[in-house]
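See structure below.
Protein chains: 2
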Amino acid sequence: MEITRKAPLGRPRGFDADEALERAMMVFWEQGYEGASLTDLTHAMGITRKSMYAAFGNKEELFRKALERYTEGPAAYAARALEEPSAREVATAFLAGSVSATTRPGCPAGCLGVQGSLAAGDSGRAAQDALITWRDDGRARLRHRFQQAVDEGDLPPGANPELLARYVMTVSNGIAVQAAGGATRSELQQVADAALRNWPPV
Amino acid sequence: MEITRKAPLGRPRGFDADEALERAMMVFWEQGYEGASLTDLTHAMGITRKSMYAAFGNKEELFRKALERYTEGPAAYAARALEEPSAREVATAFLAGSVSATTRPGCPAGCLGVQGSLAAGDSGRAAQDALITWRDDGRARLRHRFQQAVDEGDLPPGANPELLARYVMTVSNGIAVQAAGGATRSELQQVADAALRNWPPV
DNA sequence: TTAATTCTGCACCGATCGGTATCTAAGTTT
DNA sequence: AAACTTAGATACCGATCGGTGCAGAATTAA
Chain A
1 MEITRKAPLG RPRGFDADEA LERAMMVFWE QGYEGASLTD LTHAMGITRK SMYAAFGNKE
61 ELFRKALERY TEGPAAYAAR ALEEPSAREV ATAFLAGSVS ATTRPGCPAG CLGVQGSLAA
121 GDSGRAAQDA LITWRDDGRA RLRHRFQQAV DEGDLPPGAN PELLARYVMT VSNGIAVQAA
181 GGATRSELQQ VADAALRNWP PV
Chain B
1 MEITRKAPLG RPRGFDADEA LERAMMVFWE QGYEGASLTD LTHAMGITRK SMYAAFGNKE
61 ELFRKALERY TEGPAAYAAR ALEEPSAREV ATAFLAGSVS ATTRPGCPAG CLGVQGSLAA
121 GDSGRAAQDA LITWRDDGRA RLRHRFQQAV DEGDLPPGAN PELLARYVMT VSNGIAVQAA
181 GGATRSELQQ VADAALRNWP PV
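Protein chains in written order, with UniProt numbering: chain A, 1 to 202; chain B, 1 to 202.
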């Protein structure tokens, strides 16, 4: 025992799995789950189909892993926003993060969590469900944070954390759609500012 | 000359083209452009591929016609909202219409103009562009209406019709995404109310 | 060296994609 | 009834879909 495995058995893979996943994420982000073919994906990843299947399982699992990477990368603003000291700052940071993430130069316009699979045929149902869960999860975290703000007296006792979370999430999703249609960063930041001009919107 | 064509030559079609288009619209609405296969579409329409091609051209034109029908049907709330007497009522009616159209029982959840083709591969680019144009058009109509409100003194002189239109459209798009994720009508109406609690959001 | 293991590259699988050719049946005009 | 035009059904087209089988190359352990 205690044999420290210095290197895995067999021929080592000839590509960087992290970078390949990053490339796959970009393709899904731009073309959506169903719109991204294995040919598109593997060409962007710089590997063959066989290598992709060996490293990631199948298209569906590749999408799930790309979504995880998206959460920890371009969408990390969401987790950071939750750590802001007040509900107002949480909402402000969340929307500002949405704006910058959906209009980042060098990345596809919009949000992978929205346009990855908003409507789908049979083959895309699993991805569609995964994204619904993903958005629900983000909304739940906002709700908890706003509930905490109510408990702390940061928000008035009558404030509705459920509604506030859905409100912020709705504006964020709308920003993503607008960005996918070509709206610029400054245009969307103005919208975000307008959405938070009276906060909380009781 | 002056021969009044009483009936078109040849065998008359054995199906109602309007109803077939309605069915196709529902399939595109639910599955998106790329997610809806010709098999899905023609089965729902109750006709054969050949009849579909003869009556509508091809899949892309079928989608465009389905989008027109959507505009005049489920999305007719938009045109009606523009006729409201004040900017506030326009925005209120527009968002209320969004809520009810995206959560209508018996129809797919969400908005065809958003989820029909938000992200797409090569084969869906044309549909994607058509929807971007469609949403831009709706936003332009809102902008003109709000400009009119400024001209009439209904909105203060400093109001920004461009921003107001984008704000309303953003919330509407967000409502569509939320609806696609299963949000209920009353939940979304609360969001719409919150978004208009201070209007205009200057 | 040898055996075991795993990655790569290529060809290939059946299924489905959007779109069409063909044939027959059905209707209209003359 | 003849001539003409179109609807409907079926089978089919080449291309692409997601996914694999297989042979060979590369590496580790013995």
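A virtual CB, placed ideally from N, CA and C, is assigned to each residue, including glycine.
Beta-carbon neighbours of residue i, restricted to chain B and to distances below 8 Å
i: residue 213 of chain A; result: With chain A covering only 1 through 202, there is no way to say anything about residue 213 of chain A.
i: A:Ser-37; result: Gly-121
i: A:Asp-40; result: Gly-121
Closer than 8 Å at the beta carbon, the chain A residues around residue i
i: B:Gly-106; result: Ordered by position in chain A, no residue passes the 8 Å Cβ test against B:Gly-106, which lies about 17 Å from the chain.
i: B:Val-114; result: Leu-118 and Val-177
i: B:Glu-30; result: Ala-119
i: B:Tyr-70; result: None at all; the shortest Cβ gap to chain A is about 13 Å.
Residue closest to residue i, alpha-carbon to alpha-carbon, out of the options
i: B:Pro-105; options: B:Thr-48, B:Thr-184, B:Asp-136 and B:Glu-162; result: B:Thr-184
i: A:Ala-159; options: A:Val-202, A:Leu-82, A:Leu-38 and A:Pro-8; result: A:Val-202
i: B:Ala-119; options: B:Gly-14, B:Glu-34 and B:Arg-11; result: B:Glu-34
i: A:Leu-67; options: A:Asp-151, A:Ala-44, A:Arg-145 and A:Leu-21; result: A:Leu-21
i: B:Thr-102; options: B:Ala-176, B:Glu-89, B:Ala-195 and B:Gly-182; result: B:Ala-176
i: A:Gln-31; options: A:Pro-108, A:Ala-87 and A:Gly-174; result: A:Pro-108
i: B:Arg-197; options: B:Arg-139, B:Thr-92 and B:Met-25; result: B:Thr-92
i: B:Thr-170; options: A:Gly-153, A:Arg-135, A:Gly-110 and A:Asp-151; result: A:Gly-110
i: A:Gln-190; options: A:Arg-141, A:Ser-98, A:Val-90 and A:Ser-51; result: A:Ser-98
i: B:Ser-123; options: B:Ala-140, B:Glu-83, B:Val-168 and B:Glu-60; result: B:Glu-60
i: B:Arg-141; options: B:Ala-81, B:Gly-116, B:Gly-182 and B:Ala-130; result: B:Ala-81
i: A:Tyr-53; options: A:Leu-163, A:Ala-195, A:Ala-126 and A:Ala-24; result: A:Ala-24
i: B:Gln-178; options: B:Gln-147, B:Ala-75, B:Gln-115 and B:Tyr-167; result: B:Gln-115
i: B:Phe-28; options: B:Arg-166, B:Ala-76, B:Ile-47 and B:Ser-117; result: B:Ser-117
i: A:Leu-155; options: A:Met-26, A:Gly-182, A:Val-90 and A:Leu-112; result: A:Val-90
i: B:Tyr-77; options: B:Val-168, B:Leu-163, B:Leu-38 and B:Leu-95; result: B:Leu-95
i: A:Pro-74; options: A:Met-45, A:Ser-186, A:Met-26 and A:Asp-129; result: A:Met-26
i: A:Arg-11; options: A:Arg-88, A:Thr-71 and A:Ser-51; result: A:Ser-51
i: A:Val-150; options: A:Arg-88, A:Thr-71, A:Ala-55 and A:Gly-46; result: A:Arg-88
i: residue 203 of chain A; options: A:Arg-143, A:Leu-38 and A:Thr-42; result: Summary: the structure shown does not reach residue 203 of chain A, with chain A confined to residues 1 through 202, and so no result is reported for it.
i: B:Lys-65; options: B:Gly-181, B:Trp-134, B:Thr-39 and B:Ala-195; result: B:Trp-134
i: B:Glu-19; options: B:Ala-192, B:Ser-86, B:Thr-39 and B:Arg-69; result: B:Arg-69
i: A:Ser-86; options: A:Ala-127, A:Arg-145, A:Leu-131 and A:Ala-180; result: A:Arg-145
i: A:Leu-62; options: A:Ala-130, A:Pro-157, A:Leu-188 and A:Glu-152; result: A:Ala-130
i: A:Ala-192; options: A:Ala-79, A:Asn-173 and A:Arg-49; result: A:Asn-173
i: A:Thr-48; options: A:Ala-17, A:Glu-72 and A:Thr-71; result: A:Ala-17
9 Å Cβ cut-off: residues of chain B touching residue i
i: A:Asp-136; result: Gly-181 and Gly-182
i: A:Gly-124; result: Gln-31, Gly-32, Glu-34 and Gly-35
i: A:Asp-18; result: Near A:Asp-18 there are no residues of chain B at all, since even the closest Cβ is about 23 Å away, more than 9 Å.
i: A:Glu-187; result: Glu-162, Leu-163 and Arg-166
Chain A contact residues for residue i, given Cβ-Cβ distances below 9 Å
i: B:Gln-148; result: Those do not exist, as B:Gln-148 stays about 20 Å from chain A at its closest Cβ, beyond 9 Å.
i: B:Ile-47; result: Ordered by position in chain A, no residue passes the 9 Å Cβ test against B:Ile-47, which lies about 20 Å from the chain.
i: B:Arg-80; result: Residues of chain A passing the Cβ test: none, with the nearest at roughly 21 Å.
i: residue 235 of chain B; result: Residue 235 of chain B lies beyond the stretch modelled for chain B, which goes from 1 to 202, so this question has no answer here.
i: residue 239 of chain B; result: What is shown of chain B runs 1 to 202, which leaves residue 239 of chain B out entirely.
Extent of the continuous alpha helix (DSSP H) run through residue i
i: B:Ser-86; result: No alpha helix (DSSP H) contains B:Ser-86, which DSSP labels as neither H nor E.
i: A:Leu-188; result: 185 to 195
Beta-carbon neighbours of residue i, restricted to chain A and to distances below 7 Å
i: B:Thr-170; result: Val-171, Gly-174, Ile-175, Gln-178 and Val-191
Cross-chain neighbours of residue i in chain B, by beta carbon under 7 Å
i: A:Gly-151; result: A small correction: the amino acid at residue 151 of chain A is Asp; Gly does not occupy that position in the sequence shown. Per Cβ cutoff of 7 Å: no residues; A:Asp-151 is ~21 Å from chain B at best.
Problem set entry | beta strand (DSSP E) segments (min. 3 residues) lying fully within the segment 102 to 182 of chain B | none
For this session: Run through the UniProt domain "HTH tetR-type" (14 to 74) of chain A for me and flag every whole alpha helix (DSSP H) of 4 or more residues, listed as ranges in chain order.
Result: 17 to 35, 38 to 45, 49 to 56 and 59 to 72
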